[in-house]
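**Q** Residue numbers (the working numbering): 40 to 296.
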């Protein structure tokens, strides 16, 4: 989502800015890359595909993308019908310039299409060789994502100082509760005691959760990527984990019907 066209979102990085970060990620040992057809209306897939084709060995990386949202105007351009899934997969492969997608995910739930139709279409893509695995990218994000988008600069700033924080209404609806900011303050306190950045502490918290082995980050600056990798070395004890979790108030699920 971070890489694409500023016409889609003003905080997005263009290709010239994105390529060095993707290259550095590979150098640091990161081999899982996640995008979606609707990010920058396909431009994100194009940028990701060109960079990975130039800098990576295909068999050594895992590439994920998603289907549901409309990328262009016209009929049959949205949802999880058999027709749209097949068309969207072919379009993603073309933009990525890849022979196959490692992980193909539904981006949202489609109430208008029978689940049997969706699952059979996805299964047929696997059997065809165009897709290796299928998955789902839906559901509410947890409080840790509050911190994942903060601290865009090395110097201290408020949680609403970034362009994305000011302009992304979707994020406003998800994160801006009083309890969220109280959690951020606790996050800062724990990070200060450990001598690390709040974002690193947030990532360390995510890694304490069973079933999570690769948090998806959207680094827009090189140092963010490098700090994220260093976060894998941070350990949180039970008291610190509880301090981050006890104030959390569940958010209303938005955008994940």
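All C-beta atoms in this analysis are idealised placements derived from N, C-alpha and C, irrespective of residue type, glycine included.
Taking the CB atoms as reference points, tell me whether residue 72 and residue 100 lie closer together than 8 angstroms.
**A** Position 33 of the chain shown holds residue 72. Position 61 of the chain shown holds residue 100. Yes. Within cutoff.
**Q** Straight-line CA distance for residue 173 to residue 142?
**A** Within the chain shown, numbered from 1, the residue matching residue 173 stands at position 134. Within the chain shown, numbered from 1, the residue matching residue 142 stands at position 103. Each residue's Cα considered, the two are about 5 angstroms apart.
**Q** So, residue 110 versus residue 77, is the Cβ gap smaller than 8 angstroms?
**A** Taking the chain shown and counting its residues from 1, the one referred to as residue 110 is at position 71. Taking the chain shown and counting its residues from 1, the one referred to as residue 77 is at position 38. Yes; because the gap between Cβ atoms is below 8 angstroms, this pair is in contact.
**Q** Does the beta-carbon distance from residue 146 to residue 108 come in below 8 angstroms?
**A** For the purposes of this step, residue 146 is identified with residue 107 of the chain shown, where counting begins at 1. For the purposes of this step, residue 108 is identified with residue 69 of the chain shown, where counting begins at 1. The answer is yes: Cβ separation under 8 angstroms.
**Q** Would you mind listing the beta strand (DSSP E) stretches within the segment 121 to 160 that are 3+ residues and don't spill past its ends, in chain order?
**A** As far as the segment 121 to 160 is concerned, its whole beta strand (DSSP E) runs of at least 3 residues are 140 to 145.
**Q** Cutting at 8 angstroms between CB atoms, please list the residues of its own chain near residue 116, excluding the five before and the five after it.
**A** On the chain shown, position 77 is the one that residue 116 refers to. Excluding positions up to five away in sequence, the list reads 109, 110 and 123.
**Q** Considering only their Cβ atoms, is the gap separating residue 259 from residue 41 smaller than 8 angstroms?
**A** Within the chain shown, the letter at position 2 stands for residue 41. Within the chain shown, the letter at position 220 stands for residue 259. In contact: residue 41 and residue 259 (Cβ atoms closer than 8 angstroms).
**Q** What does the alpha-carbon distance come out to for the pair residue 237 and residue 282?
**A** One-based indexing of the chain shown puts residue 237 at position 198. One-based indexing of the chain shown puts residue 282 at position 243. If I take the Cα positions, the gap works out to 14 angstroms.
**Q** My parser needs the beta strand (DSSP E) runs of 3 or more residues fully inside the segment 51 to 94; what are they?
**A** The segment 51 to 94 contains these whole beta strand (DSSP E) runs: 71 to 73.
**Q** Which residues in the same chain have their Cβ closer than 7 angstroms to the Cβ of residue 60, if we skip the five residues on either side of it in sequence?
**A** Indexing the chain shown from 1 puts residue 60 at position 21. Same-chain partners within the cutoff: 258, 261 and 264.
**Q** In terms of DSSP beta bridges, what is residue 173 paired with?
**A** Residue 173 sits at position 134 when you count from the first residue of the chain shown. DSSP, once it has assigned bridges, lists 143 as partnering residue 173.
**Q** Would a C-beta distance cut-off of 8 angstroms place residue 105 and residue 56 closer than the cut-off?
**A** Here residue 105 refers to the residue found at position 66 of the chain shown. Here residue 56 refers to the residue found at position 17 of the chain shown. Cβ distance not < 8 angstroms, so residue 105 and residue 56 don't count as in contact.
**Q** Please classify residue 42: does DSSP put it in a helix, a strand, or coil?
**A** Position 3 of the chain shown holds residue 42. The answer is strand: DSSP assigns residue 42 an E or B state.
**Q** By DSSP, does residue 109 sit in helix, in strand, or in coil?
**A** The count along the chain shown starts at 1 and reaches residue 109 at position 70. Residue state, collapsed to three classes: coil.
**Q** For the putative contact between residue 102 and residue 132, defined by C-beta atoms under 8 angstroms, what is the C-beta separation to the nearest angstrom?
**A** Your numbering for residue 102 matches position 63 in the chain shown. Your numbering for residue 132 matches position 93 in the chain shown. No, residue 102 and residue 132 are not in contact; Cβ-Cβ is about 10 angstroms, not under 8 angstroms.
**Q** Note down, one range per segment and in chain order, each alpha helix (DSSP H) of at least 4 residues found wholly within the segment 260 to 285.
**A** With a minimum length of 4 residues, the continuous alpha helix (DSSP H) runs that stay inside the segment 260 to 285 are 261 to 269 and 277 to 284.
**Q** Just to confirm, are residue 288 and residue 228 a CB contact at a threshold of 8 angstroms?
**A** The residue you call residue 288 lines up with position 249 of the chain shown. The residue you call residue 228 lines up with position 189 of the chain shown. No, Cβ-Cβ distance for residue 288 and residue 228 is not below 8 angstroms.
**Q** Cβ of residue 239 within 8 angstroms of Cβ of residue 269?
**A** Position 200 of the chain shown, counting from 1, holds the residue named residue 239. Position 230 of the chain shown, counting from 1, holds the residue named residue 269. Yes, Cβ-Cβ distance for residue 239 and residue 269 is below 8 angstroms.
**Q** Would you check whether the ligand GTP has a heavy atom nearer than 7 angstroms to the C-beta of residue 282?
**A** The ligand GTP is not among the ligands present in this structure, which contains no ligands whatsoever.
**Q** Would residue 155 and residue 120 be called neighbours here (beta carbons separated by less than 8 angstroms)?
**A** In the chain shown, residue 155 corresponds to position 116, counting from 1. In the chain shown, residue 120 corresponds to position 81, counting from 1. No; because the gap between Cβ atoms is not below 8 angstroms, this pair is not in contact.
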